[in-house]
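First the structure, in the form of structure tokens, and then the observations on it.
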Amino acid sequence: MPQLGNPQAVAADTRDSVARQRKRRSELVMLGEGLPINPALPPIDFSVDFSPRHKQDVALRALCVLMTAIKADRMHQTMVLRVVRQYGLAAHFSPCEKNFIRALDPSDAERMQFSRRYESAWVLLWALGYVEKLESPGNRCNSDLAVEIMRDKTRQSFIVDARLRPLVLILDQADLAYRYRCSLGDAGTEIQSP
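At position 51 of the sequence shown (counting the first as 1) the number is 50 in numbering that gives the first Met the number 0, and the numbers step up by one without a gap.
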């Protein structure tokens with residue numbers, strides 16, 4: 000029970016209540032889809048060490064993740080480097096991504112690892128308002144549409160046209176994805192990486 004007049008305790012209690020409500024909503028979605036839930040999974044307090052990203056940062060992350068997936072689909076290296084230059088992405092790749100983008104002949108294992116990033120790019124495209132709805136994890140994303148969204152825009156128009164969803168919706172989806180992964184993993188069900 001928070002002490003009266005203690006704003007930190009009241010804030011913590013409010014965060015806990017929001018996290019419990021978010022957990023319950025996620026579980027109801029899963030039950031509605033006939034999926035198992037793990038009621039032992041705790042509510043997630045997203046406020047701890049969390050700072051929201053700016054639209055431009057999310058947009059550049061989406062373009063980088065998508066570019067690595069496109070290269071994994073065996074785009075020719077000359078074209079990869081041309082697109083990276085065209086979108087000004089070189090400085091925005093993670094070290095792992097940068098190594099993959101620069102690799103002239105990545106291994107099949109590397110290609111497989113990065114081709115799975117279409118799913119991650121799809122979530123970022125949803126957060127930016129380019130994808131209307133996220134489906135349950137049993138459904139694959141539309142990688143062709145993801146590529147088309149990028150191809151039809153310049154770097155600047157991709158950032159300007161994006162409409163970053165409200166943080167509460169993004170956190171709701173993060174909680175639901177966490178519960179899908181844990182519950183389906185506990186049940187031994189194979190799901191795709193987000």
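From the three backbone atoms N, C-alpha and C, an ideal C-beta is built for every residue, glycine too.
Here DSSP, grouped into helix, strand and coil, assigns TYR177 to helix. Apart from the 5 residues on each side of it in sequence, TYR117 sits with its Cβ closer than 7 Å to the Cβ of ALA68, CYS140, SER142 and ALA145 in its chain, given in chain order. If you draw a straight line from the Cα of VAL64 to the Cα of ARG150, it is about 14 Å long. For MET111, the enclosing alpha helix (DSSP H) stretches over residues 107-114.
With respect to the C-alpha of ARG164, the residue from LEU30, PRO42, VAL17 and GLN55 having the closest C-alpha is GLN55. Shown here, ARG154 sits in a helix according to DSSP, grouped into three states.
Note that the C-beta distance between ILE36 and SER182 is below 8 Å.
In this structure, the straight-line span from the alpha carbon of LEU168 to that of LYS152 is close to 25 Å. Positions of the alpha helix (DSSP H) runs, each at least 4 residues long and wholly inside the region 60-87, are given as 76-86 in order along the chain.
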